[in-house]
Amino acid sequence: MKKAKFNNNFRKAVALFSAAVLTITTGCASVPVSAPEKKERFTAQFLDVFDTISMEIGYEATEETFKERYNASHELLLKEHQLFDIYNDYDGINNLKTVNDNAGIQPVKVDEKLIELIKWGKDIYSLTDGKVNIAYGAVLRLWHEKREIGMANPEKGELPDEEALKEAAKHTDINDIIIDEAAGTIYLQDPEMSLDVGGIAKGYATEDAARLLESAGSDSFMLNLGGNLRAIGLKDNKDKWVCPVENPTYRDSQTGDQYSAITYLDGMSLVTSGDYERYYVVDGKRYHHIIDPDTLYPAAYHRSVTILTHDSALADALSTALFSMSIEDGKKLIQSVSDGSSVLRKSDRVGRVEVMWISEDGTKTFTDGFEDFTK
188 MKKAKFNNNF RKAVALFSAA VLTITTGCAS VPVSAPEKKE RFTAQFLDVF DTISMEIGYE
248 ATEETFKERY NASHELLLKE HQLFDIYNDY DGINNLKTVN DNAGIQPVKV DEKLIELIKW
308 GKDIYSLTDG KVNIAYGAVL RLWHEKREIG MANPEKGELP DEEALKEAAK HTDINDIIID
368 EAAGTIYLQD PEMSLDVGGI AKGYATEDAA RLLESAGSDS FMLNLGGNLR AIGLKDNKDK
428 WVCPVENPTY RDSQTGDQYS AITYLDGMSL VTSGDYERYY VVDGKRYHHI IDPDTLYPAA
488 YHRSVTILTH DSALADALST ALFSMSIEDG KKLIQSVSDG SSVLRKSDRV GRVEVMWISE
548 DGTKTFTDGF EDFTK
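Residue 188 is where the sequence shown starts when you use the working numbering, and the numbers rise one by one after that.
Shown next as structure tokens:
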């Protein structure tokens, strides 16, 4: 993927967020454990996956154990970052860019992890009635190009041509993604199609890394991939992890409360989609990166949507989907997931799904159980 570009506000926000995860302790619940092993807290930060600032915090008996487990999880994240990349080539790897470059030409043999992700993307398309569409790359590319220009040179910010958007939308049929599992290939039969997994990939990889750590024996870990949070157990096997949700208004003006909510997590994921991270301004109006497939323009329902559930892959996909839905439709989708009526990647571990919506005027709306995680 493109090298990350961090403006001062973004760096400040991430620093504040990371500090909050590390230091806020008021209200944490304690859970006794029998004969606990003495563990120390270790941290590692990195910038080389998914174009974002990331952190892992772990409580382990020795620094050697932490380094071993961190290195394994980081290696997995780096591999998936390269596989899911649509911008860069890597020696010896057929990734999503390779698949896109061969659209309408030939099937591409890929790593089974990439096939797994694309199958998940198709499932999410069905689950969300097309609100999350990994085949939407042709449309997203037009917005990406204009956003990059507008963020670098605000005076040159402009919108994509509307006719070009409509033409690109003709090449987003998810049924044109042909997966041959026996041959291990992916083929885009529309030569104008391209895949973009930005709405699902980071959470998917985060969950894979968490499961690797759990299988290695880690029982007190926090993964933070640019604000995609996944807790493993309790902090130091005693207290819930304290995870704030940023207030969009505070990000804009540095006024009001810094956080919209403070959550306390034990073995849960927290993912927020918002309009304040990647955006540019044209004629005084903000244009962010989450595109509503029904309008071909940035979704205009909410300032942010926060999902709490166990599986980070599901949390990421749902936060993207609900950002382009009314609250009423979002609640219906969440109910269908909670009922177990949908095909899910890790359905044995879905558990509760809770949501917080923040509207343009700052009004907060919650599912019934969200505030259980703020106490």
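In this text, a Cβ means the ideal position worked out from N, Cα and C, and glycines have one as well.
From a predicted model like this one, the values you see are computed outputs, not experimental measurements.
Measuring only the C-alpha atoms, how far is residue 440 from residue 464?
Straight-line measurement puts the Cα of residue 464 at about 14 Å from the Cα of residue 440.
Could you say if the region 488 to 499 and the region 538 to 545 meet the contact criterion of at least three C-beta pairs nearer than 8 Å?
yes
Which class does residue 288 belong to by DSSP, given the choice of helix, strand or coil?
Helix at residue 288.
Between residue 359 and residue 516, what straight-line distance do the alpha-carbon atoms span, to the nearest angstrom?
Distance between the alpha carbons of residue 359 and residue 516: 23 Å.
Going by beta-carbon coordinates alone, are residue 394 and residue 526 separated by less than 9 Å?
no
Following the continuous beta strand (DSSP E) through residue 473, name the residue where it begins and the one where it ends.
472 to 475
Give a yes or no on contact between the region 501 to 509 and the region 312 to 321, applying the rule of three or more CB pairs nearer than 8 Å.
yes
Segment limits, alpha helix (DSSP H) that includes residue 336:
324 to 339
What residue does the alpha helix (DSSP H) around residue 524 start on, and which one ends it?
514 to 525
Three-state secondary structure (DSSP) of residue 320:
coil
Beta strand (DSSP E) containing residue 232: first to last residue?
227 to 233
Pull up the distance between the alpha-carbon of residue 277 and that of residue 328, whole angstroms please.
Rounded to whole angstroms, residue 277 and residue 328 show a C-alpha spacing of 21 Å.
One question on the structure: do residue 397 and residue 267 come within less than 9 Å of each other, judged by their Cβ atoms?
no
What does DSSP give as the partner residues of residue 247 in its beta bridges?
227
Hey, would you say residue 337 sits closer than 9 Å to residue 345, going by beta carbons?
Their beta carbons are under 9 Å apart, which means residue 337 touches residue 345 by this criterion.
Since residue 241 contacts residue 233 with CB under 8 Å, what's their CB separation in whole angstroms?
Sure, about 5 Å apart at Cβ, within 8 Å.
Reducing DSSP to helix, strand and coil, say where residue 557 ends up.
helix
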